[in-house]
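Sequential numbering of the sequence shown, starting at 3, is according to the working numbering.
Let me begin by presenting the structure, written as structure tokens, before commenting on it.
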Amino acid sequence: MLEEIDHIPSKCRVVFTVSIAMFALMAAGCVGNAKPPALSGVSWVATQVDGKALKVDQPPTIQFQDDGRFSMFAGCNTHNGQAEITDTMFMLDGPMASTRKLCFEDWRTQLEQAMVDALGEAEGYVLNGPKLTLTNASGVPLASFTASE
């Protein structure tokens, strides 16, 4: 039996070698796609929420870490939590911890609630250069952000 294996025609060896190389390349491509785009290391400043442009002195911001943890200033309070993030998916992974400051202006309370709601309803995102948009399951924008300098 071993003598037959030693006498494999060179054409078969080439096909076998090419097949193994192609499999390795495909496997490497699959592993590369599992890594989410770089959302971390950036302070994302909210520009729009619930379809309304934001023009406030202290806009909401959010920062992500590589492991999915995030911290968000929502207009009055700070919210921290964990999210599951892939190439296109963004979903909260459990409840957020929040400070409990009293927001004196009604518009701040409304902005705060809109930001918390957007984060809670988000199921996806679109990253286009310095612009990040959180979307619902249908792809409808919930909140938009611009990377801070």
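Virtual Cβ for every residue (Gly too), placed ideally from N, Cα, C.
Quick caveat, the model's predicted, so the values are computed rather than measured.
{"Asked": "Alpha-carbon spacing of D69 relative to N138, whole angstroms", "Found": "22 Å"}
{"Asked": "P132, DSSP secondary structure in three states", "Found": "coil"}
{"Asked": "Check whether V47 and T148 have beta carbons under 8 Å apart", "Found": "yes"}
{"Asked": "Nearest neighbour of T80, chosen from K57, F72, A55 [CA to CA]", "Found": "F72"}
{"Asked": "Sequence ranges, beta strand (DSSP E) only - wholly within the stretch 57-140, length at least 3", "Found": "63-66, 71-75, 80-87, 92-94, 126-130, 133-137"}
{"Asked": "Inter-residue Cα distance where the pair is G131 and E123", "Found": "23 Å"}
{"Asked": "CB contact check: L144 to chain C, cutoff 8 Å", "Found": "Checking the listed chains, one finds no chain C in this structure; it contains a single protein chain."}
{"Asked": "Distance between M74 and P62 (C-alpha atoms, nearest Å)", "Found": "7 Å"}
{"Asked": "Beta-bridge pairing of T148 - partner residues as DSSP gives them", "Found": "V47, K133"}
{"Asked": "Per-residue DSSP class, three states only, for A40", "Found": "coil"}
{"Asked": "Beta-carbon contacts of D8 that lie in its chain and below 6 Å, excluding the five residues immediately before and after", "Found": "Reliability of the predicted coordinates at D8 is poor, the pLDDT of 43 falling under 50, and the value obtained from them is presented with this limitation in mind. Within the same chain, D8 has no close Cβ partners at all."}
{"Asked": "6 Å Cβ shell around A29 - same chain, five flanking residues per side excluded", "Found": "Confidence in A29 is poor, its pLDDT being 41 and thus under 50, which makes the residue's placement unreliable; the coordinate value appears in the next sentence. Excluding sequence neighbours, A29 sits near nothing in its chain."}
{"Asked": "Span separating the alpha-carbon of I64 from that of L113", "Found": "14 Å"}
{"Asked": "Spatial neighbours of A55 in its chain, beta-carbon cut-off 8 Å, leaving aside the 5 residues before and after", "Found": "T49"}
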